[in-house]
DNA sequence: CGCTTTTTTGAGCTCGGTCAATATAAGTGG
DNA sequence: CCACTTATATTGACCGAGCTCAAAAAAGCG
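Protein chains in written order, with the numbering used here: chain P, 178 to 427; chain L, 178 to 427.
What follows is the structure in structure tokens.
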């Protein structure tokens, strides 16, 4: 089966029926029989993998399989092992995010990826991507921006880890989840990961995370359901995130 | 003045007189008059900037000037402002490192770059780079690897920030400096940055950094000169970096 | 040689980690 | 649907690593 690659710019994507809900904002890999007028297969018909919650997409020390992944639905956590045995969460990734960018250069993966919820993941072989990059100058640019964004995101995360206070980190985390979430849903975001995961992400203990969340709830800044939350008083939380001191006990 | 861009592979680079000490391992931008047999200008004759210690290459909130930089000699710190006023050091960069990868996508810089020592910096306009990337598939690959490396480096840094103990972080920092340094010089590395900078990089206080260094010195693990250090007992320091507890006081 | 800036060291206190006890949620099988 | 088990979350009590504040020592620098 031979693949022909096309770049679909945002403008062009809008004109394609099946691609218009494509989670890729910049790059869209579109498979078409060369020179054929047959109906374009949708992005959804590309190689997709389904994962149940808890399943691994890849593990630390796996051989790199020469392909990237794009999350189409669901949430994934990217982690590595700390020297002390506990795992360090690198980041939580949702629909539209790319996985594997940090392994382009490596033989072995130094991070693992686990589904937090049921997921659909598209697989993109390096060969596909490099072919596309060679043919389409603008896509190389877009890909550069993708990597650039990732770097910037990690710098931000590192900055969060240097924030002194625990509540401060938790507040920043909640706000970050909110602005990542589809903000049509009235400032409500999901929390598909465990407290331990949040703790490992923020460099804290699950106990401390709990205490911070409780402290925010007690004041009415935060309201939590099972796997989601909202911030009734977002400005207050922003103040906390900016460094406003906040006692954990009553 | 029109520029013609050539990709110089590592193999080819070795055959070029003036390029053989080029600090770029993967990409080498080489300017030549189109079709002319004139002697090739050396990499060193490309646009270079010299900076004295303390001078800024760019500041936070500067407009992105559509160019990247490569450090040819000297050390640079990349920083951003923390909410609390103090600065957060993103990373310390030495000869061969690229600057500006995190801003490909941005209008404004969200990080600043300052010379720690006198520096020579080569300037690479985006236009040059994208032209090169378009023409030379392998260079696009190499550039991808460069970005991938940067992402991996940041993930490592984030992991360090989650390391619980202060001595642990300091030990990891010292070891990292050592392995980055030209290891011909008998396990000796430079420390061109202030204690405050180290503290901001590690998420600690300058006081604590001092205390940790003193603790290591007291035990004879570490020996420090003005702006450099060595590790007489590197294995011991590695143990500390791996989590071995170590009392700060005597 | 004064002056400023950086580094080191000290003493007290606080935040957040550790350990442990509930409490709540999520499964499991009858 | 309920009783039982297991995993996850919350909360409490205590303690130590590291921050704060501050002073002394060392290093730059004109």
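Where is the CB? At the ideal position from N, CA and C, for every residue including glycine.
- For residue 262(P) and residue 420(L), the gap between their C-alpha atoms comes out near 11 Å.
- Under the 8 Å Cβ criterion, the stretch 294-301 of chain P does not count as touching the stretch 274-287 of chain L, having fewer than three qualifying pairs.
- Taking 8 Å as the cut-off between beta carbons, the residues of the stretch 256-267 of chain L near chain P are 257, 259, 260, 261, 265 and 267, in sequence order.
- In the DSSP annotation of this structure, the continuous segment of the beta strand (DSSP E) that includes residue 265(L) starts and ends at 264-270.
- Secondary structure of residue 253(P) (DSSP, three-state): strand.
- Residue 365(L): not part of any alpha helix (DSSP H); member of the beta strand (DSSP E) spanning 365-367, first to last residue.
- In this structure the stretch 332-351 of chain L touches the stretch 370-390 of chain L; the number of beta carbon pairs closer than 8 Å is three or more.
- Annotated as distal: residue 252(L) and residue 235(L), with beta-carbon spacing of 8 Å or more.
- Among the residues of chain L, those whose CB is under 7 Å from the CB of residue 326(P) are 282, following chain order.
- The C-beta of residue 327(P) has 16 or more other C-beta atoms within 10 Å across all chains shown, which makes the residue buried.
- If you draw a straight line from the Cα of residue 413(L) to the Cα of residue 396(L), it comes to about 10 Å.
- In summary, residue 321(P) is buried, with 16 or more beta-carbon neighbours lying within 10 Å of its beta-carbon over all protein chains present.
- In the three-state reduction of the DSSP assignment, residue 280(L) falls in the helix class.
- For chain P, the residues of the stretch 332-351 of chain L that bring a beta carbon within less than 7 Å of one of its beta carbons are 332, 334, 335, 336, 338 and 339, in chain order.
- Residue 278(P) and residue 246(P) have their C-alpha atoms spaced approximately 9 Å apart.
- Assignment of beta-bridge partners to residue 245(L) by DSSP yields 301(L).
- Taking C-beta separations shorter than 6 Å and ignoring five residues to either side along the sequence, the partners of residue 238(L) in its chain run 285, following chain order.
- Comparing alpha-carbon positions, the option among 232(P), 256(P) and 293(P) lying closest to residue 271(P) turns out to be 293(P).
- Closest by C-alpha distance to residue 407(L), out of 365(L), 371(L) and 379(L), is 365(L).
- In the structure shown, residue 408(L) falls within a coil segment according to DSSP collapsed to helix, strand and coil.
- Within the stretch 294-323 of chain L, those residues whose Cβ lies closer than 7 Å to any Cβ of chain P are, in chain order, 307, 310, 311, 314, 317, 318, 321 and 322.
- By the neighbour-count criterion, in which 16 or more other beta carbons inside 10 Å mark a residue as buried, residue 240(L) falls on the exposed side.
- Contacts between residue 420(P) and chain L, judged by CB atoms closer than 8 Å, involve 260 and 261 in chain order.
- Bounds of any beta strand (DSSP E) do not take in residue 348(P); it lies within the alpha helix (DSSP H) bounded by 343-357.
- Residue 337(P) carries a helical assignment under DSSP once its states are collapsed to helix, strand and coil.
- At least one CB atom of chain P sits nearer than 8 Å to the CB of residue 288(L).
- Contact annotation: in the stretch 363-388 of chain L, residues whose CB is within less than 8 Å of a CB in chain P are 377 and 380.
- Residue 318(P) counts as buried, since no fewer than 16 other beta carbons sit within 10 angstroms of its beta carbon.
- In this structure, residue 331(P) and residue 335(L) form a Cβ contact; the two beta carbons are roughly 7 Å apart against a cut-off of 8 Å.
- In this structure, DSSP gives residue 381(P) a state outside helix and strand, which the three-state scheme calls coil.
- Per DSSP, the beta bridge partners of residue 228(P) are 296(P).
- Residue-level contact by beta carbon holds for residue 279(P) and chain L, with a gap shorter than 8 Å.
- With the criterion set as a beta carbon lying under 9 Å from some beta carbon of chain P, the stretch 220-251 of chain L has no members that meet it.
- Comparing C-alpha distances from residue 290(L) to each of 381(L), 266(L) and 305(L) shows the shortest one belongs to 266(L).
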